[in-house]
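As structure tokens, the structure follows; a few thoughts come after it.
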Amino acid sequence: MTRPPRTERPGIGRQPVRRGTGFPGGLRGSIAVAVSALGLAAVAVATVVIGSGDLPFLPGSGGGPNASGGGPAMTTSPSNIVVVPSAQPGVTVPGTLVYAKDGNVWLQANGRATQLTNGGTDSMPTFSPDGASVYFVRTRPMKGYWAGANYQLDVPSLMRVAVGGGDAVTILDGLVDPPGPQRWNGFIREPVISPDGKTVAFATDLPDPSHSDVVIKTLNLANGKVTSLGLTEMPPLGHQDPSWRPDGQMLLYVLNDRAGAKGAPVLMVYSLATKKSRSVTGPGYIHPAWSPDGQYIAATRTSAFGTDVVILSAATGAEVAQISDDGSSWGPTWSPAGNQIAFLHVEGQVVDLRMVQLTGPAGAWTVSAPSNLTSAAGLDSLSRPDWFVPADQMPPPTPALATPTPASTSTPSPS
Numbered sequence: 001m002t003r004p005p006r007t008e009r010p011g012i013g014r015q016p017v018r019r020g021t022g023f024p025g026g027l028r029g030s031i032a033v034a035v036s037a038l039g040l041a042a043v044a045v046a047t048v049v050i051g052s053g054d055l056p057f058l059p060g061s062g063g064g065p066n067a068s069g070g071g072p073a074m075t076t077s078p079s080n081i082v083v084v085p086s087a088q089p090g091v092t093v094p095g096t097l098v099y100a101k102d103g104n105v106w107l108q109a110n111g112r113a114t115q116l117t118n119g120g121t122d123s124m125p126t127f128s129p130d131g132a133s134v135y136f137v138r139t140r141p142m143k144g145y146w147a148g149a150n151y152q153l154d155v156p157s158l159m160r161v162a163v164g165g166g167d168a169v170t171i172l173d174g175l176v177d178p179p180g181p182q183r184w185n186g187f188i189r190e191p192v193i194s195p196d197g198k199t200v201a202f203a204t205d206l207p208d209p210s211h212s213d214v215v216i217k218t219l220n221l222a223n224g225k226v227t228s229l230g231l232t233e234m235p236p237l238g239h240q241d242p243s244w245r246p247d248g249q250m251l252l253y254v255l256n257d258r259a260g261a262k263g264a265p266v267l268m269v270y271s272l273a274t275k276k277s278r279s280v281t282g283p284g285y286i287h288p289a290w291s292p293d294g295q296y297i298a299a300t301r302t303s304a305f306g307t308d309v310v311i312l313s314a315a316t317g318a319e320v321a322q323i324s325d326d327g328s329s330w331g332p333t334w335s336p337a338g339n340q341i342a343f344l345h346v347e348g349q350v351v352d353l354r355m356v357q358l359t360g361p362a363g364a365w366t367v368s369a370p371s372n373l374t375s376a377a378g379l380d381s382l383s384r385p386d387w388f389v390p391a392d393q394m395p396p397p398t399p400a401l402a403t404p405t406p407a408s409t410s411t412p413s414p415s
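Residue numbers (the working numbering): 1 to 415.
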């Protein structure tokens, strides 16, 4: 089995070379897509091996200010096993979660995890709106050619597979193979499907990596056309982490930037009606996920001390709830039922899935202690989980969504 390529801690990724350097495709952009995201301090603290879930930390770092350090490392379960702990009394996990482990896509429902793919290079899964299919990214090795030299490529493809299993179908291929001797590849990252099921938003430099950074674009599933949204960027850092609002009218994403030597990622929201973007937060947030009513955003707050999950007001960008405080949690996904948030967490250098319950009025929730949804699983750290809940397990519909008002110029940023 081939493992996906090595990359770095949440938000950090492989960095292509700038345009005009003579390297394959003259790539500018990056799934540095968050070289800015955690900043140099967090980069120094940890790196991640995508596909293994193993995070080698610096001696004594322990994975976060409250994580255990110095003791024996936790042993990861075998690649073909995900242990699902017994549910805590009174805790029900509706629907199905999807995540990745060791280069394969897994589904978890009714207290049981099932392996869906066996490609060995699969990552970044996400559900179709009807929950019938899972889209994901699969890479394959291939020889590349540029300026008379050979290169080893990891060519990504956007794939789709039915939740019941079967052969995966290629939706978009990342190989760039124009007439002539040159051959290289673009990037396909973090696909998310629009609520109407017609459009994929993702981070890419396709169709022509020689003229694009890795930015948020859309793919029309009917005709296969990739379209640039013309979003502002800070070259060559690009964008990451697209997230559709449940009504499909707004798209959250991360604008990667720097403040001196530090990363300064900012949450942005793009209106499909006005074709304009605005900032939601100040620097220091990645991995946005809309609440089902579109009024709140679960996100990862980054700092020199690590990463934690918080809830923000979609209207102002202000933090209204803290989901974790261990410096070792990231990548939230909101249950479509609205009362639970699942997220990735590292302990003993092994990545698992955790969940909290939200009770009380929206915006003034009581947040439960986290419960473990997996145990010593070693999940892929850069593959955020996704969650589907069928209609018969959903609460009554919420009122129509309101468009958030612009954030003030004094939007908060983490200390």
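Even for Gly, the Cβ is constructed at its ideal location relative to N, Cα and C.
Same chain, Cβ closer than 6 Å to residue i, five either side skipped, listed in chain order
{"i": "Leu-97", "result": "Gln-108, Pro-385, Trp-387"}
{"i": "Ser-324", "result": "Asp-308, Val-309"}
{"i": "Met-142", "result": "Leu-153, Val-155"}
{"i": "Val-226", "result": "Leu-206, Pro-207, Lys-217, Leu-219"}
{"i": "Thr-333", "result": "Ala-289, Ala-342, Pro-385, Asp-386, Trp-387"}
{"i": "Ser-329", "result": "Asp-308, Val-309, Phe-343, His-345"}
{"i": "Ile-171", "result": "Leu-158, Arg-160"}
Euclidean distance between Cα positions of residue i and residue j
{"i": "Glu-319", "j": "Ala-369", "result": "19 Å"}
{"i": "Asn-185", "j": "Ala-222", "result": "23 Å"}
{"i": "Leu-358", "j": "Ser-243", "result": "21 Å"}
{"i": "Val-192", "j": "Ser-271", "result": "16 Å"}
{"i": "Ala-391", "j": "Pro-178", "result": "46 Å"}
{"i": "Phe-305", "j": "Ala-149", "result": "42 Å"}
{"i": "Ala-342", "j": "Met-268", "result": "22 Å"}
{"i": "Ser-210", "j": "Ser-228", "result": "14 Å"}
{"i": "Ala-376", "j": "Leu-353", "result": "9 Å"}
{"i": "Gly-238", "j": "Pro-207", "result": "15 Å"}
{"i": "Ser-279", "j": "Gly-263", "result": "16 Å"}
{"i": "Thr-274", "j": "Thr-92", "result": "40 Å"}
{"i": "Gly-120", "j": "Ile-188", "result": "17 Å"}
{"i": "Ser-157", "j": "Val-176", "result": "12 Å"}
{"i": "Val-161", "j": "Val-169", "result": "6 Å"}
{"i": "Pro-85", "j": "Met-234", "result": "43 Å"}
{"i": "Gln-295", "j": "His-287", "result": "16 Å"}
{"i": "Val-463", "j": "Asp-130", "result": "Given that the chain is displayed from residue 1 to residue 415, the structure contains no residue 463 and the question cannot be resolved."}
{"i": "Thr-199", "j": "Ala-132", "result": "16 Å"}
{"i": "Tyr-145", "j": "Pro-236", "result": "23 Å"}
{"i": "Ser-30", "j": "Asp-173", "result": "Only weak support exists for where Ser-30 lies, its pLDDT of 34 falling under 50; the value from the coordinates is given anyway. Straight-line Cα distance between these residues: approximately 18 Å."}
{"i": "Ser-335", "j": "Pro-292", "result": "8 Å"}
{"i": "Gly-111", "j": "Tyr-151", "result": "44 Å"}
Cβ-Cβ separation, residue j to residue i (assumed contact under 8 Å), whole Å
{"i": "Ala-113", "j": "Asp-380", "result": "About 14 Å; that fails the 8 Å criterion."}
{"i": "Leu-231", "j": "Ser-277", "result": "6 Å"}
{"i": "Asn-256", "j": "Pro-265", "result": "5 Å"}
{"i": "Ser-123", "j": "Leu-382", "result": "7 Å"}
{"i": "Pro-426", "j": "Val-389", "result": "Any answer about residue 426 is impossible in this case: the structure gives the chain only from 1 up to 415."}
{"i": "Met-159", "j": "Arg-138", "result": "5 Å"}
Residue i versus the options, residue with shortest Cα-Cα distance
{"i": "Val-82", "options": "Gly-148, Gln-88, Trp-106", "result": "Trp-106"}
{"i": "Ser-79", "options": "Ser-86, Asn-104, Pro-85", "result": "Asn-104"}
{"i": "Val-196", "options": "Val-346, Tyr-145, Met-250", "result": "Reading the sequence as shown, one finds Asp at residue 196 and not Val. Asp-196 has its Cα closest to that of Met-250, out of Val-346, Tyr-145, Met-250."}
{"i": "Val-367", "options": "Leu-353, Val-254, Gly-331, Gln-322", "result": "Gln-322"}
{"i": "Thr-374", "options": "Gly-363, Leu-382, Val-350", "result": "Val-350"}
{"i": "Thr-75", "options": "Ser-371, Pro-235, Val-346", "result": "Val-346"}
{"i": "Asp-241", "options": "Ala-273, Met-234, Val-176, Ala-203", "result": "Ala-203"}
{"i": "Ala-201", "options": "Tyr-253, Gly-180, Gly-131", "result": "Tyr-253"}
{"i": "Ala-298", "options": "Thr-316, Gly-331, Gly-282", "result": "Gly-331"}
{"i": "Asp-326", "options": "Gly-348, Thr-333, Ala-87, Gly-282", "result": "Gly-348"}
{"i": "Gly-363", "options": "Thr-281, Gly-317, Gln-182, Asp-102", "result": "Gly-317"}
{"i": "Gln-182", "options": "Ala-147, Asn-110, Ser-128, Ser-328", "result": "Ala-147"}
{"i": "Ser-303", "options": "Ser-128, Ala-259, Ser-291, Tyr-151", "result": "Ala-259"}
{"i": "Gln-115", "options": "Gly-165, Ser-128, Gly-360, Gln-340", "result": "Gly-165"}
Own chain, CB closer than 7 Å to residue i, minus 5 neighbours either side, in chain order
{"i": "Pro-395", "result": "Ala-337, Gly-338"}
{"i": "Gly-248", "result": "Ser-194, Pro-195, Asp-196"}
{"i": "Ser-77", "result": "Val-83, Ala-376, Ala-377, Gly-378"}
Below-8 Å beta-carbon distance, residue i vs any chain C residue
{"i": "Asp-102", "result": "In the structure shown, chain C does not exist; there is a single protein chain."}
Proximity test, residue i beta-carbon vs the ligand GTP heavy atom, cut-off 7 Å
{"i": "Lys-101", "result": "With respect to the ligand GTP, the structure shown offers nothing to examine, as it has no ligands at all."}
Environment of residue i [buried if 16+ CB atoms lie within 10 Å]
{"i": "Lys-217", "result": "buried"}
{"i": "Asp-167", "result": "exposed"}
{"i": "Ala-261", "result": "exposed"}
{"i": "Ala-314", "result": "buried"}
{"i": "Asp-213", "result": "buried"}
{"i": "Asn-118", "result": "exposed"}
{"i": "Ala-289", "result": "buried"}
{"i": "Ala-407", "result": "Low local confidence applies: a pLDDT of 49 at Ala-407 is under 50, so the model's placement there is unreliable, with the coordinate-based value given in what follows. Ala-407 comes out buried."}
{"i": "Asn-372", "result": "buried"}
{"i": "Gly-180", "result": "exposed"}
{"i": "Gln-340", "result": "buried"}
Cut-off 8 Å between Cβ atoms - residues of its own chain near residue i, not counting five sequence neighbours on either side
{"i": "Thr-126", "result": "Val-98, Val-134, Tyr-135, Phe-136, Pro-191, Val-192, Ile-193, Asp-386"}
{"i": "Arg-301", "result": "Gly-284, Tyr-285, Thr-307, Asp-308, Val-309, Val-310, Glu-319, Pro-414"}
{"i": "Gln-393", "result": "Pro-94, Gly-95, Ala-337"}
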